[in-house]
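Protein chains: 2
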Amino acid sequence: MSMRLPAPARREQILDVSVQVFARNGFHSTSMNDVAEAAGVTKPVLYQHFDSKQDLYLALLEEAGNRLRTAVSKAVVSAANGKEQTEMGFRAYFRWVADDHDAFLLLFGSRANRDEESTTTIRRITAETAKAIAPLIAADIDPEHQRTLAQGLVGLAEGVSRHLVERGDTFDPEVLGQQVADMAWAGLRAVHRKG
Amino acid sequence: MSMRLPAPARREQILDVSVQVFARNGFHSTSMNDVAEAAGVTKPVLYQHFDSKQDLYLALLEEAGNRLRTAVSKAVVSAANGKEQTEMGFRAYFRWVADDHDAFLLLFGSRANRDEESTTTIRRITAETAKAIAPLIAADIDPEHQRTLAQGLVGLAEGVSRHLVERGDTFDPEVLGQQVADMAWAGLRAVHRKG
DNA sequence: AAAGCTTGTTACCCTCAGGTAACCGTATGA
DNA sequence: TCATACGGTTACCTGAGGGTAACAAGCTTT
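Protein sequences, first through last, are from chains A and B. Residue numbers for the first sequence, in our numbering: 1499 to 1693. Residue numbers for the second sequence, in our numbering: 1499 to 1693.
Encoded structure:
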């Protein structure tokens, strides 16, 4: 039925397609047959490119995580002061959510199914994101607590995004990012004042 | 091996045990045999009390959700002004996390596996929690946005908790709740000022 | 102590889905 | 035009695990 494709192209296509399928239906509710069908191909083809379902899934997580990471860190670097970093960071985050939609669902959607290994990967990604944010938090509080609050901010962005994405709402990432950043920044300063 | 138990007691015991097992290993990685073994009993006994694995799992989610809901709403009601409500709410939340540990992981842990139905249930619980929080947010911004921010606050608490619980850290819910509440409250006021 | 309800066990069925062996068809290069 | 490599398919194996039928062992009530 489907056209013959050179191996690397097929691999890419499989990755593209499976992000969507997994994001929509979750890991366990998606069979390799489903993926194959969505790719217009049969199961053994998948196994020519990936060792196992796990392997495919982890590759997807990894790729999605990379895109998130680079989007946020690029944005943060290009900012001058803490406040601006906060703004740029959140705006980049929501921009990523808005146009890498399926990747977001894959990593953080309610349907994101997680066994041992995937959990580790996702946690790592979250932790790295938090790490990128941590410096924004006033340096005069103990680092332990700093990291905890950073995780909280990540959760904040995640919560907002999940709500919007799963409702199917569209949103302007710049506006939303700015609003959430305002909120977060004020919160951060409050923590600072108290120590 | 195990003692005979009257039906209601057995049912309770199964619920107690399975919260732990599911929380620790996630839905799909936990077989009914695992649950049965943990309960010191064999599989068919489980099916005397629950129609299916789904059924059991949903019962757990429901129970956990109820405990969360009542904990938070009780706390919020007993407070006078918005600031106090915020403080009481967050403290109650973290108190719940601290001593209903497994329930938290079940609902919000990384390993929380979610098919169609469970997702709906969990979303409902999150939404209800957000709804309880929404009134705290300044009334002069549009309700749509209000709800979105409320989801963000829920995410904030969730993110902080997940980080701590999954690291196995112990924490004082009162102190942590107060700190997060300070942060949240400042953020909320900032949103208020902007409209 | 026998009937009968309740609790529990053993041993099984059956489906689903991950994974693979063996085979086909077409483009390419000698 | 024949060989061969590569992309793809059909048809199967297999294990895990949800769910159940049939039977055993206790209480309890008369």
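The beta-carbon is built from N, C-alpha and C at its ideal position, and this holds for glycine as well.
Comparing the C-beta of residue i with each C-beta of chain A, is any distance below 9 Å?
i: residue 1590 (chain B); result: no
i: residue 1579 (chain B); result: no
i: residue 1608 (chain B); result: yes
i: residue 1611 (chain B); result: yes
i: residue 1499 (chain B); result: Because residue 1499 (chain B) carries a pLDDT of 49, less than 50, the predicted location of this residue cannot be relied on, and the following value inherits that uncertainty. Chain A contact via Cβ: absent.
i: residue 1563 (chain B); result: no
i: residue 1628 (chain B); result: yes
Going by DSSP, what residue range makes up the alpha helix (DSSP H) through residue i?
i: residue 1568 (chain B); result: 1551-1575
i: residue 1653 (chain B); result: 1641-1665
i: residue 1492 (chain B); result: Residue numbering for chain B in the displayed model covers 1499 to 1693; residue 1492 (chain B) lies beyond these limits and cannot be assessed.
i: residue 1610 (chain A); result: Where residue 1610 (chain A) is concerned, there is no enclosing alpha helix (DSSP H), given that its DSSP letter is neither H nor E.
i: residue 1547 (chain B); result: 1541-1547
i: residue 1523 (chain A); result: 1505-1523
i: residue 1534 (chain B); result: 1530-1536
i: residue 1589 (chain A); result: 1580-1597
Can you find a C-beta in chain B that's less than 9 Å from the C-beta of residue i?
i: residue 1638 (chain A); result: no
i: residue 1587 (chain A); result: no
i: residue 1552 (chain A); result: no
i: residue 1573 (chain A); result: no
i: residue 1516 (chain A); result: no
i: residue 1567 (chain A); result: no
i: residue 1634 (chain A); result: no
i: residue 1599 (chain A); result: no
i: residue 1546 (chain A); result: no
i: residue 1674 (chain A); result: yes
i: residue 1677 (chain A); result: yes
Report buried or exposed for residue i, applying the criterion of at least 16 other Cβ atoms within 10 angstroms of its Cβ.
i: residue 1666 (chain A); result: exposed
i: residue 1505 (chain A); result: exposed
i: residue 1670 (chain A); result: exposed
i: residue 1597 (chain A); result: exposed
i: residue 1529 (chain A); result: exposed
i: residue 1502 (chain A); result: exposed
i: residue 1693 (chain B); result: Annotation note: pLDDT 48 at residue 1693 (chain B) (below 50); position unreliable, no value reported.
i: residue 1507 (chain A); result: exposed
i: residue 1649 (chain B); result: buried
i: residue 1677 (chain A); result: buried
i: residue 1560 (chain B); result: exposed
i: residue 1614 (chain B); result: exposed
Along chain B, which residues have their Cβ under 7 Å away from the Cβ of residue i?
i: residue 1656 (chain A); result: 1653 and 1657
i: residue 1617 (chain A); result: 1608 and 1609
Determine the chain B residues that contact residue i at a beta-carbon separation under 8 Å, and present them in chain order.
i: residue 1621 (chain A); result: 1608 and 1664
Just the chain A side, please: which residues come within less than 7 Å of residue i by C-beta, in chain order?
i: residue 1661 (chain B); result: 1646 and 1649
i: residue 1583 (chain B); result: Per Cβ cutoff of 7 Å: no residues; residue 1583 (chain B) is ~17 Å from chain A at best.
i: residue 1685 (chain B); result: 1681, 1682, 1684 and 1685
Starting from the beta carbon of residue i, find every residue of chain A whose beta carbon is closer than 8 Å, and list them in chain order.
i: residue 1526 (chain B); result: 1526, 1611 and 1613
Problem set entry | Cβ contact check for the stretch 1563-1571 of chain A and the stretch 1535-1555 of chain A: 3 or more pairs under 8 Å | no
Exercise. Does the stretch 1508-1517 of chain A come close enough to the stretch 1586-1597 of chain A that 3 or more CB-CB pairs lie under 8 Å?
Worked result: Counting Cβ pairs under 8 Å, fewer than three are found: no touch.
Problem set entry | Any 3 or more C-beta pairs closer than 8 Å across the stretch 1574-1584 of chain B and the stretch 1600-1610 of chain B | no
Problem set entry | Three CB pairs or more closer than 8 Å across the stretch 1628-1642 of chain A and the stretch 1641-1651 of chain B | no
Exercise. Would you call the stretch 1533-1540 of chain B and the stretch 1614-1633 of chain B touching, i.e. three or more CB-CB distances under 8 Å?
Worked result: no
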